[in-house]
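A quick write-up on the structure given underneath.
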Amino acid sequence: MAIPSGLSAQLMTAEEVTYGTPVTTDRGFEFRDESLKLEVERIESTALRSGTRVLRSDRWAVGKKNVTGDITMDLLNKSQGRWWKHAFGGVATSQPDAAGNPTVYLHTFTPGDLPVGQTIQVGRTDVGGTTRPFTYHGCRVASWELACAVGDIASVKFSILGEDEDTSTALASISYPSSLAMMTFVQGSVTIAGTAANIKSATVSGNNGLAEDRYFLGSQLRKAPLENALREYTGQFEAEFEDLTAYNRFVNGTEASVVLLFQGATISTTYKYEVKVTMNVRFDGETPNVGGPEIVPLNIPFKVVDNSTTSIKVEYQTTDTTP
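Letter by letter, the sequence shown follows residues 1 to 323 in the UniProt record's numbering.
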């Protein structure tokens, strides 16, 4: 019998070949929390029938199905490449030094065609100690967020659009990669225009601009949510008001390169586990204000823009041979 609580919960995924056709999950992930759920629309008649005061049982029907929700994880040194692949679409895998350091792999994720989708299975354990499998088909990453603040473990959240949910698929047997390690604020750093910045908290998020309304006559299920808007990548830094540099970038409309880096333990020689986000950004900042005797804070909101050389990329340096 499993521990009758969230302590026995599990999360597994697999990459689909055909959108919405479930496949056996093959990779397990640690996670903080999840909110995946099925919504089933109720269609109710508004027709009038003499003497009727309450909706009749034969005057409502089931409608559209919709799966949405978030999955939040610690940012880890390995195993999360699949999620970045489905968040960005474009992926290139290389070995920085295949001969001298053959265990080091670099997966670079950039905006590109999104993969078909994933099958995601969440095991939720009831109070009787039975872990009940909820399996979601046709899952695409609609948006994501990477965040870290002083005192925290870095986190990554993926927001999902799915086709359907079932409870008939058997619970998969879960296993986890060895030597997983989390990234914390101590391992994080930010550079702006090549200069190290003193940042208290950092958030970077992406929205893939997916069409959520692709329903058609004859089916409760949504067809694959396609891109129908520009992708939007935004973020914010919380800092102290040090001088006018950040403010002037905002006022003058100056773009700059921003790098958010989390660097873990050494893999081999000079190569370390890394999650590195490189962006060309426009600063949509704000005027610093005095709220009391404390150090004056400065919020630095920004938006990624493509300067024909750089927009955004996530580099995941790890020992995983594939994302």
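Backbone N, C-alpha and C define an ideal beta-carbon position, used for all residues, glycine too.
- When DSSP reads this structure, Leu36 sits in no beta bridge, so it has no partner.
- Residue environment analysis places Ala98 among the exposed positions, since fewer than 16 neighbouring C-beta atoms fall within 10 angstroms of its C-beta.
- Judged by DSSP in its simplified three-state form, Phe216 adopts coil rather than helix or strand.
- Rounded to whole angstroms, the Cβ separation of Cys148 and Gly206 is 16 Å, and the two are not in contact under 8 Å.
- The C-alpha of Pro297 is placed about 21 Å away from the C-alpha of Val186.
- For Gly206, the enclosing beta strand (DSSP E) starts and ends at 199-207.
- Cβ neighbours of Ser45 within its own chain (closer than 6 Å, five residues either side excluded): Arg59.
- In this chain, the alpha helix (DSSP H) harbouring Asn248 covers 245-252.
- The way I'd put it, the region 219-236 doesn't touch the region 245-254; fewer than three beta-carbon pairs between them come closer than 8 Å.
- Proximity of the region 172-184 to the region 10-29 meets the contact definition, three or more beta-carbon pairs being nearer than 8 Å.
- Cβ atoms of Val23 and Thr119 come within 8 Å of each other, at about 5 Å.
- According to DSSP, Trp144 shares a beta bridge with Phe158, Gly206.
- Between Ile300 and Gly285, the C-beta spacing is below 8 Å.
- Between the alpha carbons of Thr103 and Lys78 lies a gap of roughly 13 Å.
- Of the residues Pro4, Leu180, Leu114, the one whose Cα lies closest to the Cα of Gly28 is Leu180.
- Looking at the DSSP output, Trp60 shares a beta bridge with Glu44.
- Secondary-structure assignment with DSSP links His137 through a beta bridge to Asp164.
- Rounded to the nearest angstrom, the gap between the Cα atoms of Asp164 and Gly218 is 16 Å.
- Per DSSP, the unbroken alpha helix (DSSP H) holding Arg82 starts and ends at 81-88.
- Boundaries of the beta strand (DSSP E) around Lys313: 312-318.
- For Leu11, the enclosing beta strand (DSSP E) begins and ends at 10-15.
- When DSSP reads this structure, Leu76 sits in a beta bridge with Met182.
- With fewer than 16 other beta carbons inside 10 angstroms of its own, Met1 counts as exposed.
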